[in-house]
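Trainee: Residue numbers (the working numbering), protein chains in the order written: chain L, 361 to 477; chain H, 361 to 477. C-beta: ideal position from N, C-alpha, C; glycine also. These numbers come from a predicted model, not from an experiment.
Protein chains: 2
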Amino acid sequence: MSRTRTSAAAKLAEAAPIFAALGDDTRLHIVARLCGDGPLSIMRLADGASVSRQAITKHLYALEEAGLARSSRVGRERIWELRTKRLSTARRYLDQISQQWDAALDRLRAFVEKDEQ
Amino acid sequence: MSRTRTSAAAKLAEAAPIFAALGDDTRLHIVARLCGDGPLSIMRLADGASVSRQAITKHLYALEEAGLARSSRVGRERIWELRTKRLSTARRYLDQISQQWDAALDRLRAFVEKDEQ
DNA sequence: CGCCAACGCAACCTGCCGGTTGCGTTTCGC
DNA sequence: GCGAAACGCAACCGGCAGGTTGCGTTGGCG
Chain L
361 MSRTRTSAAA KLAEAAPIFA ALGDDTRLHI VARLCGDGPL SIMRLADGAS VSRQAITKHL
421 YALEEAGLAR SSRVGRERIW ELRTKRLSTA RRYLDQISQQ WDAALDRLRA FVEKDEQ
Chain H
361 MSRTRTSAAA KLAEAAPIFA ALGDDTRLHI VARLCGDGPL SIMRLADGAS VSRQAITKHL
421 YALEEAGLAR SSRVGRERIW ELRTKRLSTA RRYLDQISQQ WDAALDRLRA FVEKDEQ
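1. Which residues of the segment 436-450 of chain L have a Cβ closer than 7 Å to any Cβ of chain H? Give them in chain order.
2. In this structure, does DSSP put Val391 of chain H in helix, strand or coil?
3. Looking at the strands, I want to know which residues DSSP matches up with Ser431 of chain L.
4. Could you tell me how far apart the beta carbons of Asp397 of chain L and Ala464 of chain H are, in whole angstroms, since I believe they sit closer than 8 Å?
5. Consult DSSP for Ser401 of chain H and reduce its assignment to one of helix, strand or coil.
6. Distance check for Asp385 of chain H and Gln460 of chain L, CA to CA, integer angstroms please.
7. Using 8 Å as the cut-off, can you tell me whether the segment 434-448 of chain H makes contact with the segment 399-408 of chain H, which would need three or more C-beta pairs spanning the two stretches below that distance?
8. With 8 Å as the threshold, decide whether the Cβ of Asp407 of chain H is near any Cβ in chain L.
9. Check each residue of the segment 394-422 of chain L: if its Cβ is closer than 9 Å to any Cβ of chain H, include it; give the result in chain order.
10. I'd like the list of long-range same chain contacts for Glu424 of chain L, defined as Cβ closer than 8 Å, with 5 residues on each side in sequence excluded.
11. Please compile the residues from chain H whose C-beta is within a distance smaller than 8 Å of the C-beta of Leu454 of chain L.
12. Are there 16 or more other CB atoms within 10 angstroms of the CB of Glu476 of chain H, so buried, or fewer, so exposed?
13. Can you list, in chain order, the residues of its chain whose CB lies under 8 Å from that of Ala450 of chain H, leaving out five sequence neighbours each side?
14. Closest by CA to Ala409 of chain L, which one among L:Leu420, L:Ala426, L:Cys395 and L:Ile390?
15. Measure the alpha-carbon distance for Arg469 of chain H versus Glu437 of chain L and round it to whole angstroms.
16. Over the uninterrupted alpha helix (DSSP H) stretch that includes Ala422 of chain L, give me the two end residues.
17. How many whole angstroms separate the CB atoms of Ala422 of chain H and Arg387 of chain H, which I take to be in contact at a CB cut-off of 8 Å?
18. Verify the CB distance criterion: does Ile390 of chain H have a CB-CB separation below 8 Å to chain L?
19. Ordered along the chain, which non-local residues of its own chain (more than five positions away) have a Cβ less than 8 Å from that of Leu405 of chain H?
20. Exposed or buried, what is Arg433 of chain L when buried is set at 16 or more other beta-carbons lying within 10 Å of its beta-carbon?
21. Any Cβ of chain H within less than 8 Å of the Cβ of Gly427 of chain L?
22. Cβ of Leu478 of chain L within 8 Å of Cβ of Ser458 of chain H?
23. On the three-state DSSP scale, how would you describe Gly383 of chain H?
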């Protein structure tokens, strides 16, 4: 019922799609590429990749649905860029997890009054 | 060729499976549960869940393969706990991404000499 | 104006992921 | 010692994710 617990549960359903989006090799490559070189067109992204342009396109829309990227039409090209706010959402979730875990271990240790391996 | 760039590429192939493991709803629920309550048996984990015990078991081994959890046999139970070091690996990767992106945007701004929306 | 480059759309295929079910095995408790 | 609890193993299944291919559409360019 506490606010912190509610927000944690809410974040959970929100964080899973983000992790899922980052959990694919090709997609993580795209993210890294966009990250190192800044906004890029689909062709540019497909050039270095080991899969077809259409595959890249699909992955880009997957990243968009996860809120991790957005695009804009420029001439006959479509330029994609990262949405870093969403990345920090995932990061914050991981922080929260770690802290909760440490707290749980502390309580456990206090309860058993004996140190674990 | 620089060490930082090499480690970034190495981390990429290493980070994807972690994100993939966290990218499933059921699995993230398990992580959150383990996180809040400390080490738990399979039954305990399956009690609150909406899927069968076997599903939970499969997910636990998936988490183990990703390096996110480990188990030990205690009597007729198997107790599962988190491996937070692996979580921080993912966290560090996200940090790296954000920083690279900011740097890329700076370079881009310097190149175009005009601020983006 | 005609061509090519960059992209969008849609159909199709294949493998694997998430889940269930059934049954065997070990361990605790009485 | 016997039953039940907690778990392991294996087979099975439906659906969808990831990828390719083919073709249509739009915009730049000489």
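Mentor: In brief:
1. Leu442, Thr444, Leu447, Ser448 and Ala450
2. Here residue 391 of chain H refers to the residue found at position 31 when the second sequence is read from its first residue. Three-state DSSP puts Val391 of chain H in a helix.
3. On the first sequence, residue 431 of chain L is found 71 positions in, with the first residue counted as 1. Paired residues: L:Trp440.
4. Taking the first sequence and counting its residues from 1, one reaches residue 397 of chain L at position 37. Taking the second sequence and counting its residues from 1, one reaches residue 464 of chain H at position 104. That belief holds up - the Cβ atoms of Asp397 of chain L and Ala464 of chain H are roughly 6 Å apart, short of 8 Å.
5. Start at 1 with the first residue of the second sequence, and residue 401 of chain H comes out as number 41. Note: Ser401 of chain H maps to strand in three-state DSSP.
6. Translated into positions along the first sequence, residue 460 of chain L becomes position 100. Translated into positions along the second sequence, residue 385 of chain H becomes position 25. If you take the alpha carbons of Gln460 of chain L and Asp385 of chain H, they lie about 19 Å apart.
7. yes
8. The count along the second sequence starts at 1 and reaches residue 407 of chain H at position 47. Asp407 of chain H does not count as touching chain L.
9. Leu394, Cys395, Gly396, Asp397, Gly398 and Pro399
10. Residue mapping note: residue 424 of chain L aligns to position 64 of the first sequence, counting from 1. Arg430 and Ser431, listed in sequence order.
11. Here residue 454 of chain L refers to the residue found at position 94 when the first sequence is read from its first residue. Leu447, Ser448, Ala450, Arg451 and Leu454, listed in chain order.
12. Stepping through the second sequence from its first residue, residue 476 of chain H is reached at position 116. Legend: pLDDT at Glu476 of chain H = 41, less than 50; position of this residue unreliable, no value from coordinates given.
13. Locating residue 450 of chain H in the second sequence gives position 90, where the first residue counts as 1. The answer, listed in chain order, is Ala375, Ile378, Phe379 and Leu382.
14. The count along the first sequence starts at 1 and reaches residue 409 of chain L at position 49. Measuring from the Cα of Ala409 of chain L, the nearest candidate turns out to be L:Ile390.
15. Counting from one through the second sequence, the residue named residue 469 of chain H turns up at place 109. Counting from one through the first sequence, the residue named residue 437 of chain L turns up at place 77. So the two alpha carbons sit approximately 20 Å from each other.
16. Counted from its first residue, the first sequence places residue 422 of chain L at position 62. Counting along the chain, the alpha helix (DSSP H) containing Ala422 of chain L begins and ends at Arg413 to Glu425.
17. Numbered from its first residue, the second sequence carries residue 422 of chain H at position 62. Numbered from its first residue, the second sequence carries residue 387 of chain H at position 27. About 7 Å separates the two Cβ atoms, so the contact holds.
18. Stepping through the second sequence from its first residue, residue 390 of chain H is reached at position 30. Judged by the 8 Å Cβ criterion, Ile390 of chain H is not in contact with chain L.
19. Residue 405 of chain H sits at position 45 when you count from the first residue of the second sequence. Closer than 8 Å at the Cβ level, and outside the excluded window around Leu405 of chain H, lie Ile390, Arg393, Leu394, Ile416, Leu420 and Trp440.
20. Reading the first sequence from its first residue, position 73 is the one you call residue 433 of chain L. Arg433 of chain L should be labelled exposed.
21. As a working mapping, residue 427 of chain L is identified with position 67 in the first sequence. For Gly427 of chain L, the answer is no, since every Cβ of chain H falls outside 8 Å of its Cβ.
22. Given that chain L is displayed from residue 361 to residue 477, the structure contains no residue 478 of chain L and the question cannot be resolved.
23. Taking the second sequence and counting its residues from 1, one reaches residue 383 of chain H at position 23. Reduced to three states, the DSSP call for Gly383 of chain H is coil.
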